[in-house]
Every structure is written in structure tokens, then in C-alpha cells.
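Enquirer: I have a structure I would like to understand better, so I am pasting it below and will then ask my questions one at a time.
Numbering (the UniProt record's numbering), first residue to last: 1 to 290.
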């Protein structure tokens with residue numbers, strides 16, 4: 001159980017990059033090579049190493065993998081492995097799952113099993129990598145199960161480092177990740193937190209508009225150093241959306257130390273910083289006992 005008084009921050013966006021139960025799938029290695037070049041890193045800590053890292057810093061974190069088996073054809077890290085890691089490290093770790101929505105009713109069955117039997121607390125989607133529009137009714141078999149439990153759905157938004165520099169972008173379409181597509185999802189599932197991940201360049205204003213209009217929509221600030229945030233994102237984080245901005249890093253691509261150092265110098269109001277670093281996530285993840 002996470003001691004919300006003890007932890008200093010809750011990182012809502014970290015990645016499981018290494019499986020301990022299956023070898024790395026180097027199918028389409030051009031993606032791995034371009035990924036390492038784009039992010040200037042190929043460091044891939046294990047789930048346990050990540051848990052130990054955050055525990056040493058008195059931080060909690062949400063972790064997930066990305067299921068891209070349909071569109072990319074790369075074997076995913078098992079959701080159960082992430083969930084079991086969270087059960088073993090429940091003082092710091094929260095498991096989200098990733099299920100490609102193209103898996104339809106089988107994907108919906110998997111989601112229910114992960115929620116009921118493994119304690120998964122939310123779901124991650126990457127429209128560009130998974131190859132779908134978020135409002136495509138094909139995905140609703142999966143969304144409907146998640147909505148039964150009123151769990152968060154976190155969607156990648158904006159530009160994608162995955163596929164950058166690969167010939168033809170690896171066939172991955174950026175437009176799937178325009179956050180305006182989440183407007184329909186927020187309407188159809190108004191009791192689920194919808195998290196728009198990352199500063200949504202080149203569609204930052206669309207993300208802010210959807211969050212302003214739909215009270216179940218949050219924005220996580222992962223994937224960029226705060227010193228590069230668009231000024232309107234900082235403006236709304238300091239004012240009208242201060243209760244729905246979330247700390248996230250994209251670890252291991254960005255460390256929490258680097259993110260928080262730049263956050264302290266990026267123009268955020270002092271009274272807003274605790275909301276972003278911890279309080280908003282406590283509310284969104286329902287970590288506070290009534």
C-alpha cells in the first residue's frame with residue numbers, strides 16, 4: 001500500500017522496457033535503432049530496478065508497456081509481468097496494462113482478468129503505434145470493460161519518438177495521436193479519467209481545449225523537460241487546469257531528478273507544484289481513503 005503522506009511525488013508515466021520472462025524481441029530492429037538515436041539512450045532497466053530506483057527517492061510510479069502486436073508486429077512485454085511487479089512492490093508501484101484494441105472481445109476479456117485477478121489500475125493506449133483512432137468504435141469493447149470499473153485510460157498524444165527517423169516513419173501515422181480525437185472518448189466514458197499524455201506538440205491547443213471542456217480529462221506532463229513546455233501549457237497549469245495536470249517523466253527516457261529540476265525553473269507557481277507532483281494523481285487514482 002502506498003503511503004501517500006510519505007511519498008513526495010507520483011510519476012504517472014513510466015515504461016516497462018525489459019521482460020524478465022522472455023527475451024527481447026528484435027523483430028524490426030530499425031525501430032530500436034531509431035528509438036535509441038532519437039532519445040540518445042538505449043538504457044532499459046528492469047521492472048524491479050525501476051521499483052528500487054523510485055523507492056530510494058520516496059516516489060511512487062505508474063508503469064505500463066505498449067502492446068503494438070497488431071500494427072508493428074512486435075511481441076509485447078506481458079501485462080501480467082507488470083502487474084505482478086506492482087503486487088510485489090505495492091508500496092511504490094501501480095500497474096497499468098496495455099492491450100491493443102484491435103484484439104476486440106479477447107482484449108476485453110484480458111482486461112477484465114487483469115483488473116479482477118491482478119489488480120491493474122488503468123490502461124495505456126498509443127494510437128500512433130497501435131494504428132487506430134481513439135474514437136473508433138472498434139476500441140469500445142475494451143473501453144466498456146475499463147469503464148465498468150471507472151479506471152483511467154491514458155493515451156499517448158502528439159509527436160511520436162517511436163518511428164522517428166525510420167524510413168516512412170515505419171508506417172506509423174502521427175495524426176492518430178491528435179488529442180482532439182479524445183473528445184468523443186471523454187463524452188462516451190464520462191466517469192473514466194482520460195489522461196492525455198505529454199505536451200501534445202504540434203496540437204497543444206487541442207489538448208488544452210479538450211481538458212477545459214471535459215472535466216474527466218487530465219494532462220500528464222511527461223516526455224519533455226519542463227523547460228521546453230509550450231507557454232500556454234504552463235499558463236493553464238498555473239490557472240484553469242491546475243487541478244488536472246499530472247507529473248510524469250517517460251522514465252527511463254527522462255529521470256525524475258532531471259524533470260523536477262527543470263520543473264522548478266519553468267515558471268510554475270509554488271502553490272501549484274504540490275498539485276502537479278502528487279495531489280492531482282492521488283485524486284485521479286483514488287489513492288485517498290474516504
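No residue lacks a Cβ here, since even glycine has one placed at the ideal position from N, Cα and C.
In terms of residue numbering, what span does the alpha helix (DSSP H) encompassing residue 263 cover?
Expert: Where residue 263 is concerned, the enclosing alpha helix (DSSP H) stretches over 256-263.
Enquirer: Measure from the alpha carbon of residue 200 to the alpha carbon of each residue in 110, 217, 178 and 74, then state which is nearest.
Expert: Nearest option by C-alpha distance: 178.
Enquirer: What is the DSSP secondary structure of residue 11, reduced to helix, strand or coil?
Expert: In this structure, residue 11 counts as strand in the three-state DSSP scheme.
Enquirer: Quick one: complete alpha helix (DSSP H) runs, 4+ long, within the region 205-254?
Expert: With a minimum length of 4 residues, the continuous alpha helix (DSSP H) runs that stay inside the region 205-254 are 231-238.
Enquirer: Considering only their Cβ atoms, is the gap separating residue 252 from residue 216 smaller than 7 Å?
Expert: No. Outside cutoff.
Enquirer: What is the rounded straight-line gap between the Cα of residue 157 and the Cα of residue 198?
Expert: Cα to Cα, residue 157 sits roughly 6 Å from residue 198.
Enquirer: Where does the unbroken alpha helix (DSSP H) through residue 114 begin, and where does it stop?
Expert: It spans 104-118 - the alpha helix (DSSP H) in which residue 114 sits, taken as one unbroken run.
Enquirer: Please identify the residue among 142, 228 and 133 whose C-alpha is closest to the C-alpha of residue 184.
Expert: Comparing Cα positions, the closest option is 133.
Enquirer: Pair every Cβ in the region 112-127 with every Cβ in the region 257-264, then say whether three or more of these pairs are closer than 8 Å.
Expert: No: the two stretches stay apart, fewer than three of their Cβ pairs being nearer than 8 Å.
Enquirer: Based on the DSSP output, what are the partners of residue 64 in its beta bridges?
Expert: Answer by DSSP bridge pairing, in chain order: 15.
Enquirer: Within 8 Å, do at least three Cβ pairs link the region 98-112 to the region 41-56?
Expert: Touching, no.
Enquirer: Could you say which of 95, 75, 85 and 43 lies nearest to residue 64 if we only look at CA atoms?
Expert: Of the candidates 95, 75, 85 and 43, the one whose C-alpha sits nearest the C-alpha of residue 64 is 95.
Enquirer: Could you check the C-alpha separation between residue 171 and residue 136 for me, to the nearest Å?
Expert: Residue 171 and residue 136: Cα-Cα distance of roughly 19 Å.
Enquirer: What residues match up with residue 156 in a beta bridge as DSSP calls it?
Expert: DSSP lists 197 as partners of residue 156.
Enquirer: What are the partner residues of residue 97, as DSSP defines its beta bridges?
Expert: Note: residue 97 sits in a beta bridge opposite 123.
Enquirer: In the DSSP assignment, the alpha helix (DSSP H) including residue 141 goes from what residue to what residue?
Expert: Unbroken alpha helix (DSSP H) run through residue 141: 140-148.
Enquirer: Buried or exposed: where does residue 8 fall if 16 or more other Cβ atoms within 10 Å of its Cβ makes it buried?
Expert: Exposed: under 16 other Cβ atoms inside 10 Å.
Enquirer: Any Cβ of chain C within less than 7 Å of the Cβ of residue 271?
Expert: Within the model displayed, chain C is absent; a lone protein chain is all it includes.
Enquirer: If we count Cβ pairs, one from each stretch, closer than 8 Å, do we get three or more for the region 5-23 versus the region 61-79?
Expert: They touch, by the three-pair rule.
Enquirer: Counting only the same chain and skipping the five closest in sequence on each side, list residues whose C-beta sits under 6 Å from that of residue 267.
Expert: Result list for residue 267: 234, in chain order.
Enquirer: Going by beta carbon distance, what residues of the same chain come within less than 7 Å of residue 192, once the five residues before and after it are set aside?
Expert: Result list for residue 192: 146, 147, 150, 151, 152, 153 and 216, in chain order.
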